[in-house]
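Notes to accompany the following structure.
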Amino acid sequence: MAANNIDVKIESFLDRQNKIGIDLDKRHARENKTLKDLVQTSEPLSKDIVEVFFDGAHQALLNDRAVDEINTVLHGILEKVNDFPLIKRFFILNTMNFFSSKISIGKLVPALMVMSGNDQKRIIWEFVYPTFLTINNNVETLVSTDDIFDKKDLHIERGSLYLFGADIAKVIVNLFKPEYLNKLGSVRSVIEQIMLVIKHDKKANPAFKNIVDDQQCISKIVLKFIDTIQTHDTLFDYSLKRHEFYKLFLLKLTTKDRFKKLNPFQISKILAGCIVTNNQLRPDTALIQAMLSEKEHGSKNTFLAKKAFFNQISPSNIYTLIGQVLVQIQLISKENLSEEFIEVQKMSVKTILKKIWTNVTDVLESGTASASDPVSNLFSQITNTFKTFQLSEKKKSQKVARREKSQKKSGYQADQPIEKDQNCLSQLQKHYTLVDPDILAFRGKHEGASQKDYGYNIRLFKQDDIAIINFNKCFNRLFQSQSQDELFKQISFKGQKRILEFASAYIFDNYLFCFGTTHTKQPGEQLIQEKDIFPYALLFEKGAEKQFGRILSREVEIDGNKQIYNEKPMTGDNMIMYYETLYYILHLMPEKHWLAEDSQRCLYFLVSEIQKQMKNNKSMMYSESLLH
């Protein structure tokens, strides 16, 4: 019975993925470039990425020598990377691009330099050691994976990886006073020496207190550390082997007894479903058919075809594919498989950066750093940047269980905020397009809605007056934050400047989704009261001709052609599309609005309703991962 349920879920997943794949091809939304094509067309790094200071006031916190030194080193890294051969540059930037992230070290490093004494030493150590430790662990994982090495050059290739870790360690060791290192005991290698420092890093005698006192020396070492990581001669080898490791990981997913609740054929189908929707290349129909065939999925020919396809996919897209597979396997099997995928996740530069920033912000928030107001302001921006990033990332596995437990309880849990999910924003950007329908708002600009309309619409909010009030506030914040976009429309009323209504619309797949706030018409009253404003959402489906009824049809001009959309009634089968779309859209709110209590209540409401729908065998269109 359980196995049958799993198969039903897989087939539902495949059906959705196939529709998404067809849509990608219709919209010509794939890059349609092989790995070779991507390498040849890759652009050099922009100079903008090393604009490292938040503003001029923060730059003024450092002396001119330090500012020049930071700028010189980071611009030097930029030039080195841009001068690399195309393939080398491409792979390095797909592997260790510390400038690409929102939480880039380009912002962090100058901030580290404005501290002094033990405050600076501690923060720098919290920056350095997790970076080294993660890279060193990754090297150990790679060198122990025999299948990613050429047997003829085995020792050379492994030696290259070890050299990468050793040269990073050579830089770090210069941070510490020689007498401290000598006390730790004799060692055979510089890597062993740094590992000893990490081992003896205790609360009672923290390692950072033994960093050299010369501030200028510290600055040079930190900058050399970044330079080495981003431009080392062997980084290309590390990048290639990491890519091979990722591809091998995908190929081995269908190994017998790989997962408890899923057999190799079921995994093959899930993997096929994920491949179908990749944004880089359209897979051959023959490959997908083979992966979906119980007879052929495990054959040598299918294995080689998969391998050939993966060889054409970029490292970043391969990594994305692994993440998609993880999400779907967990959703379908109802098992937490974070440990199963931990080795590939550790190799992401985001993982390294998260560790760095987590440590640094923990230090700052603990009050260890006694800084002046300008410095505190700088670090406040640093901390806020990281928090925003942190909220947009997927939850750590230990938070998943806590969230699921919390959601089983009745009512909103204020101490368990729903965090932003980057995947939801990605789905919104990928599948939803803002449009300008011919009829604005619920029934038209300034037209409002009847009491009957109001009664119909609030079914979406389960007749819950508090929910309606909260969604009203949410929509107000959302539209005001998006006011620079003309397709997020504000409707004002003559003589009533305080009263604002909002309206916008998205198309996705074959549907049109209109939402905003409007007013109920009160007979005999000319003025609109704030109490009359309520949130609404309407769903329409593509049609051949207009239908007339309570809410009318909509026309949308797309690429010069008018398309008709007719109302999709608010029934049980359609409700999940309302809730799913609203959940994505609310991700556009700024972080401070997202975390507001009334916004969180709205988000909790949406997630709870989606969960209820899925328990009744309803499927989301794009992102079931949000429930995890």
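All letters in the sequence shown, in the order written, are residues 78 to 705 by the numbering used here.
Quick reminder that beta carbons are idealized off the backbone N, C-alpha and C, glycines included.
| Query | Result |
| --- | --- |
| Extent of the continuous beta strand (DSSP E) to which THR595 belongs | 588-596 |
| Same chain, Cβ closer than 6 Å to LEU502, neighbours up to 5 away in sequence not counted | HIS664 |
| Delimiting residues of the beta strand (DSSP E) encompassing TYR642 | 638-644 |
| Candidates ASP650, ASP636, PHE519, TYR588: closest to THR594 by CA position | PHE519 |
| Length of the line joining the Cα atoms of PRO187 and LEU455 | 10 Å |
| Own chain residues within Cβ distance below 7 Å of LYS254, not counting five before or after | ASN287, VAL289 |
| Euclidean distance between Cα positions of ILE225 and LEU231 | 9 Å |
| Simplified DSSP state of THR311, which is helix, strand or coil | coil |
| Buried versus exposed call for GLY532 [16 or more other C-beta atoms within 10 Å across all chains shown] | exposed |
| GLN557, enclosing alpha helix (DSSP H) - first and last residue | 542-558 |
| Minimum length 4: unbroken alpha helix (DSSP H) runs contained in the stretch 172-233 | 182-190, 194-220 |
| Meets three-Cβ-pair contact criterion under 8 Å: the stretch 633-648 and the stretch 581-591 | yes |
| PHE253, DSSP secondary structure in three states | strand |
| Cα-Cα separation, LYS372 to ASN355 | 25 Å |
| Whole-angstrom distance between MET190 and VAL127, CA atom to CA atom | 16 Å |
| Nearest-angstrom Cα separation, counted from TYR613 out to GLU674 | 21 Å |
| Segment contact flag, the stretch 337-355 with the stretch 363-377, C-beta cutoff 8 Å, min 3 pairs | yes |
| 9 Å Cβ cutoff met for GLU234 and LYS318 | yes |
| PHE783 and THR222 closer than 9 Å at C-beta | Examination of residue 783 is not possible in this model, given that the chain is present from 78 through 705 alone. |
| The stretch 667-681 touching the stretch 508-526, judged by at least three CB pairs closer than 8 Å | no |
| Proximity winner among MET698, GLY236, ARG575, relative to THR658 (alpha-carbon distances) | MET698 |
| Limits of the unbroken alpha helix (DSSP H) element including PRO392 | 392-410 |
| Straight-line Cα distance separating ILE200 from LEU273 | 19 Å |
| For GLU657, the first and last residue of its enclosing alpha helix (DSSP H) | 652-663 |
| Per-residue DSSP class, three states only, for LEU330 | helix |
| Inter-stretch contact (C-beta, 8 Å, three-pair minimum) for the stretch 246-261 and the stretch 164-177 | no |
| Distance, LEU112 Cα to SER391 Cα | 6 Å |
| Counterpart residues of SER581 in DSSP-defined beta bridges | PHE592 |
| Residue nearest to SER266 in terms of C-alpha spacing, selected from LEU408, ASN171, VAL250 | VAL250 |
| Bounding residues of the alpha helix (DSSP H) (the contiguous stretch that carries VAL353) | 341-353 |
| Cβ-Cβ separation, PRO207 to LYS377 (assumed contact under 8 Å), whole Å | No, LYS377 and PRO207 are not in contact; Cβ-Cβ is about 42 Å, not under 8 Å. |
| CB of SER237 within 9 Å of CB of ASP304, strictly | no |
| Exposure label - LYS485; buried when at least 16 CB within 10 Å | Bear in mind that a pLDDT of 40 at LYS485, under 50, signals an unreliable position, so the number given afterwards is only what the model happens to contain. Exposed is the call here. |
| Reference VAL353; option with closest CA among LYS324, GLU156, PRO341, GLN401 | GLN401 |
| Beta-carbon spacing of GLN405, SER415 below 9 Å | no |
| Bounding residues of the alpha helix (DSSP H) (the contiguous stretch that carries GLY153) | 141-160 |
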